[in-house]
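Residues in the sequence shown are numbered from 3 upward in steps of one, following my numbering.
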Amino acid sequence: MTRTVTLADGTTLPAVGQGTWYIGDDPRTRAEEIATLREGVELGLRLVDTAEMYGDGRSENLVGEAIAPVRDEVYLVDKVLPMNASRRGTIEACERSLRELGTDRIDLYLLHWMGSHPLSETVDAFEELIERDLIGAWGVSNVDADELGAFPSAPLVNQVLYNPSRRGLEFDLLPMQRSARPTIATMAYSPIEQGRLLGDPVLQSVAERHDASIAQVLVAWAIHEGDVIAIPKASTREHVRENARALTLELTATDLAEIDAAFPAPSHAVPLEIL
Ligand code: NAP
Numbered sequence: 003m004t005r006t007v008t009l010a011d012g013t014t015l016p017a018v019g020q021g022t023w024y025i026g027d028d029p030r031t032r033a034e035e036i037a038t039l040r041e042g043v044e045l046g047l048r049l050v051d052t053a054e055m056y057g058d059g060r061s062e063n064l065v066g067e068a069i070a071p072v073r074d075e076v077y078l079v080d081k082v083l084p085m086n087a088s089r090r091g092t093i094e095a096c097e098r099s100l101r102e103l104g105t106d107r108i109d110l111y112l113l114h115w116m117g118s119h120p121l122s123e124t125v126d127a128f129e130e131l132i133e134r135d136l137i138g139a140w141g142v143s144n145v146d147a148d149e150l151g152a153f154p155s156a157p158l159v160n161q162v163l164y165n166p167s168r169r170g171l172e173f174d175l176l177p178m179q180r181s182a183r184p185t186i187a188t189m190a191y192s193p194i195e196q197g198r199l200l201g202d203p204v205l206q207s208v209a210e211r212h213d214a215s216i217a218q219v220l221v222a223w224a225i226h227e228g229d230v231i232a233i234p235k236a237s238t239r240e241h242v243r244e245n246a247r248a249l250t251l252e253l254t255a256t257d258l259a260e261i262d263a264a265f266p267a268p269s270h271a272v273p274l275e276i277l
């Protein structure tokens, strides 16, 4: 069964989307990256995540070109840099991103991480963008448990680093987001730990039992609780096909226990890690 996650505003999304950090940086790989994103959307990975930070707009530019023929199918996530997140700066950053993307609407606009502009200004700007229909909703990224309360209203999503080697948020942030009303959805970034877990022997043995790859196990692990969306980044069609198959990979209790033993869940509060 393909996994989906329903956000507090009623939007239902596939539990696996597509990240795009470092995509669009090299003109020689542009065609393959565009083909990869399009194939990902066709395979159901219709949430695409980018940021004004990624290649100073190069990722947004490539994403815009890739999704243009299928724009209506895509749930587009973009992020404003904290240094731009003043009342006026947020609006200007969004308008710049829309131009780079070649579209008239971002579905979910995130504050990339906490900065020094007052959060009330950023949220006021987000609300204005919603009113003008330039964005559909707003959320945050890299916000820890003790910082969530600083927002004047609840973000729809918090995009955070989450994979078996980065489980600190399971202690406090994840339960807090689950019990918040409205719920704050968790979007797991770097679910493949940027490749650093691909040689792990425990993950390898789990993968072999499913005739799957370690990357697929990692993506399936990130989404296995049913309310987390993972956004692995793939630059090749082979990788995106693999990642799409993670949507239907069911990890067993034995798999999860072996992963827990190798990558224990936190027993105390730890600061949220950031990449
Ligand atoms: P990631 O998705 O954990 O890992 C990407 C790496 O995994 C790339 O080297 C990719 O290779 C490789 N890979 C992908 N699929 C694979 C497969 N099936 N088999 C083997 N290798 C595979 O790391 P990430 O890019 O840092 O995180 C994902 C996305 O999250 C980002 O692209 C970005 O959109 C978002 N993000 C957000 C923040 C934030 O602060 N909000 C921070 C980091 C990331 P190829 O490229 O060669 O396919």
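Where a beta carbon is used, it is the ideal one built from N, C-alpha and C, also for glycine.
The shortest CA-to-CA distance from T52 to any of H114, G46, I132 is the one to H114.
Secondary structure note for Q20: it is in no beta strand (DSSP E), with a DSSP letter that is neither H nor E. The beta carbon of S181 sits no closer than 7 Å to any heavy atom of the ligand NAP.
With a minimum length of 4 residues, the unbroken runs of alpha helix (DSSP H) contained wholly in the region 224-261 fall at 239-247.
Approximately 7 Å separates the beta-carbon atoms of N245 and L47; this is inside 8 Å, confirming the contact. Residue state for Y56 is assigned as helix, using DSSP reduced to three classes. Per DSSP, the beta-bridge partners of I137 are I108. Beyond the five residues adjoining it in sequence on each side, A248 comes within less than 7 Å, by CB distance, of V18, Q218, V221, A222 in the same chain, given in chain order. Residues E260, A264 of the same chain have their beta carbon placed closer than 6 Å to that of V204, with the five preceding and five following residues left out of the count. Counting only the Cα atoms, S118 lies some 16 Å from G151. In its chain, beyond the 5 residues on either side, V43 have a beta carbon closer than 6 Å to the beta carbon of V72. Q161: member of the beta strand (DSSP E) spanning 159-163, first to last residue.
When only Cα atoms are considered, D58 and T105 end up about 17 Å apart. A distance criterion of 7 Å places the beta-carbon of P193 in contact range of the ligand NAP, judged by its closest non-hydrogen atom. L83 is not a Cβ neighbour of V159, given a cutoff of 8 Å.
Along the region 189-230, the alpha helix (DSSP H) occurs as fully enclosed runs of 4 or more residues at 203-211, 216-225, listed in sequence order. The residues R169, G170, E172, F173, in chain order, have a CB closer than 8 Å to that of P268 in the same chain once the five nearest residues on each side in sequence are set aside. Looking at the DSSP output, L49 bridges to Y77.
Under DSSP, V7 takes part in a beta bridge, and its partners are L15. In this structure, the CA atom of E252 is about 28 Å from the CA atom of S143.
Note on geometry: alpha-carbon atoms of L49 and I231 lie some 9 Å from one another. Across the set R134, P166, A127, V162, the C-alpha of A127 shows the shortest separation from the C-alpha of P154.
If you check the C-beta of A217 against the ligand NAP, you find a heavy atom less than 7 Å away.
Look at R169 here: in three-state DSSP terms it is coil, with no helix or strand label. Boundaries of the alpha helix (DSSP H) harbouring M178: 175-181, taken from the DSSP string.
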